[in-house]
Amino acid sequence: MRANPGLVPSAVEELARFDGPILRTSRIAQADADIDGHQIARDDMVVLLLGAANRDPARFPDPDRLDVARPENRHIAFGSGIHFCLGAPLARIEVQATLDVLLPRVPGLALATKNPERRASQLGRALKALPVTL
18 MRANPGLVPS
28 AVEELARFDG
38 PILRTSRIAQ
48 ADADIDGHQI
58 ARDDMVVLLL
68 GAANRDPARF
78 PDPDRLDVAR
88 PENRHIAFGS
98 GIHFCLGAPL
108 ARIEVQATLD
118 VLLPRVPGLA
128 LATKNPERRA
138 SQLGRALKAL
148 PVTL
């Protein structure tokens, strides 16, 4: 991204797809359904694993690879439809502005660890810290 700052907007989307903050959400079935042989009755709670959907190989070629130039990155890291996160535009602006400012001004910026420690949670993903080197 340092060599091609035009990739920053695409990188923001790919980072959200690859390691989004929300792990799961749930819905109540509005009608009986059969999904690939699994019966879902009206009023059943259905748990949706957003991270799994964002790694679906039928939708994303080579889904387990971080690709900041990934074309047509229509992920659901921020939900969809009436459940779309109202804060998504702000989150995108914050990440893009941070990268736009830091990358050219701190040329030695790099992760200090390959496996930063995460906070334990069943609902969302967050880091305890993100050590970097300058």
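Heads up: the sequence shown runs through residues 18 to 151, numbered per my numbering. Think of the CB as a built atom: it goes at the ideal place given N, C-alpha and C, for glycine as much as any other residue.
{"Asked": "Can you give me the C-alpha to C-alpha distance between Pro78 and Arg87, rounded to a whole angstrom?", "Found": "9 Å"}
{"Asked": "Do Asp61 and Ala46 come within 7 Å of each other at the CB atom, strictly closer than that value?", "Found": "yes"}
{"Asked": "Name the DSSP beta bridge partners of Gly188, please?", "Found": "The first residue shown for the chain is 18 and the last is 151, placing residue 188 beyond what the model contains."}
{"Asked": "Beta-carbon within less than 8 Å of Ala94's beta-carbon, same chain only, minus the 5 sequence neighbours each way: which residues are those?", "Found": "Ala33, Arg34, Gly37, Pro38, Ile39, Leu67, Asn71"}
{"Asked": "If Val123 and Val29 are in contact, beta carbons under 8 Å, what's the gap, nearest whole angstrom?", "Found": "18 Å between Cβ atoms; not a contact."}
{"Asked": "Taking Ile99 as the reference, give the member of Arg44, Asp49, Ala129, Val149 with the closest Cα.", "Found": "Arg44"}
{"Asked": "Residues in its own chain within less than 7 Å of Ala50 by CB, not counting five upstream and five downstream?", "Found": "Ile57"}
{"Asked": "Is Asp79 near the ligand SAH, in the sense that its beta carbon is under 6 Å from a heavy atom of that ligand?", "Found": "This structure lacks the ligand SAH; in fact it carries no ligand of any kind."}
{"Asked": "Which runs of the alpha helix (DSSP H) fall wholly inside the segment 53-109 and span at least 4 residues, in chain order?", "Found": "67-70"}
{"Asked": "Would Val85 and Leu24 qualify as a contact pair, given that the criterion is a beta-carbon distance under 7 Å?", "Found": "yes"}
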